[in-house]
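Residue numbers (our numbering): 5 to 197.
Scroll down for the structure; my scribbles are underneath it.
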């Protein structure tokens, strides 16, 4: 069993994250889905970015930290889009994390992480939040830091392709993503609690 903290996108904590968490729980994992916006959600990216400005990044990270209190140091950090930025901010503070899951966006990695940490990136092939040059840079950073990174690109999919409520949804790509995520979670090592 993995312990997982799943951080939402700029649209807020919505059914996409709740359904993902439920799927992971059915597979035997413990999952928390912190609400970084305090209940607010957005219908568009622009509205979401305004929410981020209103709440503030510092406040969001503090909410994320509070949600992780009492969770094992090895908790897997996972993020949807904007949530990948939350993941890397927390990763620097939680070097024992068993794994990193980046969905729909490519963040910059923290400067120092435990070599051998496993990570996956899942992003649409033509995603503006995961352009080829950023993916190449992520691969380079991972090699330099000793992170074991797997990159999965999904041709023809849109940015939020796992979210069945949005036009970007791609059922085949979403299913393949969750299959790969579940395999990854089954492989990361976490000591028994």
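Ideal Cβ placement from N, Cα and C applies to all residues, glycine included.
Only a predicted model underlies this, so the values are computations on that prediction, with no experimental measurement involved.
Review point. Who are residue 130's beta bridge partners in DSSP?
Key: Working through the chain shown from its first residue, we reach residue 130 at position 126. For residue 130, DSSP records no beta bridge to any residue.
Practice item. Would you kindly work out how many angstroms separate the C-alpha atoms of residue 173 and residue 20, rounded to a whole number? Key: Position 169 of the chain shown, counted from the start, is the residue given in the question as residue 173. Position 16 of the chain shown, counted from the start, is the residue given in the question as residue 20. Residue 173 and residue 20: Cα-Cα distance of roughly 11 angstroms.
Exercise for review: Please name the residue, chosen from 74, 139, 141, 144, that lies closest to residue 8 on a Cα-to-Cα basis.
Suggested key: The residue given as residue 8 occupies position 4 in the chain shown. Of the candidates 74, 139, 141, 144, 74 places its Cα closest to the Cα of residue 8.
Review point. Tell me the DSSP bridge mates of residue 81?
Key: As a first step, residue 81 is located in the chain shown; it is residue number 77 there, counting from the start. Looking at the DSSP assignment, residue 81 forms a beta bridge with 9, 104.
**Study point:** Proximity winner among 5, 135, 156, 98, relative to residue 180 (alpha-carbon distances)
**Key:** Here residue 180 refers to the residue found at position 176 when the chain shown is read from its first residue. Looking at the Cα atoms, 156 is the closest of the given residues.
Exercise for review: Express the C-alpha separation of residue 191 and residue 31 in angstroms, rounding to a whole number.
Suggested key: Here residue 31 corresponds to residue number 27 of the chain shown, with the count starting at 1. Here residue 191 corresponds to residue number 187 of the chain shown, with the count starting at 1. Computed Cα separation, rounded: 13 angstroms.
Check your understanding: Buried or exposed: residue 77, going by 16 or more other Cβ atoms within 10 Å of its Cβ?
Key -> Within the chain shown, the letter at position 73 stands for residue 77. It counts as exposed.
Check your understanding: Does the distance from the CB of residue 150 to the CB of residue 120 come in under 8 angstroms?
Key -> The residue you call residue 150 lines up with position 146 of the chain shown. The residue you call residue 120 lines up with position 116 of the chain shown. In this structure, residue 120 lies closer than 8 angstroms to residue 150 by Cβ.
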